[in-house]
Ligand SMILES: Nc1ncnc2c1ncn2[C@@H]1O[C@H](COP(=O)(O)OP(=O)(O)OP(=O)(O)O)[C@@H](O)[C@H]1O
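In this note's numbering, the protein residues as written are 982 to 1246.
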């Protein structure tokens, strides 16, 4: 199911923010601390000739360490803007942000992710800024490619990869740099079904094989919640609900049914 075409009547249902966070991941790892927190975030785009666009309104979120969370909501509700604030790409108008470091933002378009000619050189690219021995670089690249299921692609030209494989190379690059938080902006938008599943399973595997990594994944696809520990649902610049993935899925499905009943009484 895809949320992108739905536009809910704002606030036709009022839901409280779901305050209890999952204390274990879906794979049973226990939670140790908070990796991402935003408090009372507001954000406006300023425009010279028109009124400012107030995009985020008093958004507060909390994501436990080591978990895979998703951020959902209709088109234009502010998901990417919130993710970019967490990444440090935008500065909130007010409110506070905490994100564990190092963090990495992976963009939607797979062709914007890869810069080097081969898979291994691309994954090693970010390590150039750290002074590491060659053996350490090789070991990090190999472990990161293993985590995303691309060990056999080490010497492949990046030009020959599918979109999903390029996304996985970008994620491997972040892992090689010992990234603690992955911020992933609608990675599956341009991918076919096989590639979509490959990318989401790669992220799930990274989290299942490391205590250290936390991921926040923006998506329109409700079925992707199957892979998540927790989720946040936004509408119209506000966080409407956050909590465990199954509760958020039920909540969104109920909201969609209410919307469909409203337009098809
Ligand atoms: N540079 C900009 N200047 C003015 N308004 C903007 C700018 N970028 C985004 N917006 C507006 O901010 C709002 C939130 O955009 P954002 O991209 O965060 O939403 P989204 O939930 O990620 O949408 P989608 O699901 O369609 O990607 C939208 O109304 C959008 O039109």
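Note that CB positions come from ideal geometry on N, CA and C, so glycine has one too.
{"Item": "Under the three-state DSSP convention, the category residue 1027 falls into", "Value": "coil"}
{"Item": "Beta-carbon contacts of residue 1038 that lie in its chain and below 7 Å, excluding the five residues immediately before and after", "Value": "1023, 1218 and 1219"}
{"Item": "Straight-line gap, residue 1156 to residue 1071 (C-alpha atoms, nearest Å)", "Value": "23 Å"}
{"Item": "Chain-order list of residues whose beta-carbon lies under 6 Å from that of residue 1074 (same chain, five-residue window excluded)", "Value": "1023, 1024 and 1025"}
{"Item": "CA-to-CA distance, residue 1140 to residue 1041, given in whole angstroms", "Value": "40 Å"}
{"Item": "DSSP state of residue 1043 mapped onto helix, strand, coil", "Value": "strand"}
{"Item": "Cβ-Cβ distance between residue 1050 and residue 1165 below 8 Å", "Value": "no"}
{"Item": "CA-to-CA distance, residue 1063 to residue 1033, given in whole angstroms", "Value": "17 Å"}
{"Item": "Endpoints, beta strand (DSSP E) assigned at residue 1181", "Value": "Residue 1181 -> not in any beta strand (DSSP E); alpha helix (DSSP H) instead, spanning 1174 to 1189."}
{"Item": "Host beta strand (DSSP E) of residue 1086 (start-end)", "Value": "1084 to 1087"}
{"Item": "Proximity test, residue 1205 beta-carbon vs ligand 1 heavy atom, cut-off 7 Å", "Value": "no"}
{"Item": "Segment contact flag, the region 1143 to 1157 with the region 1112 to 1130, C-beta cutoff 8 Å, min 3 pairs", "Value": "yes"}
{"Item": "Beta-carbon spacing of residue 1078, residue 1059 below 8 Å", "Value": "no"}
{"Item": "Buried/exposed call for residue 1229, threshold 16 Cβ in 10 Å", "Value": "buried"}
{"Item": "Start-to-end residues for the beta strand (DSSP E) that takes in residue 1213", "Value": "1211 to 1216"}
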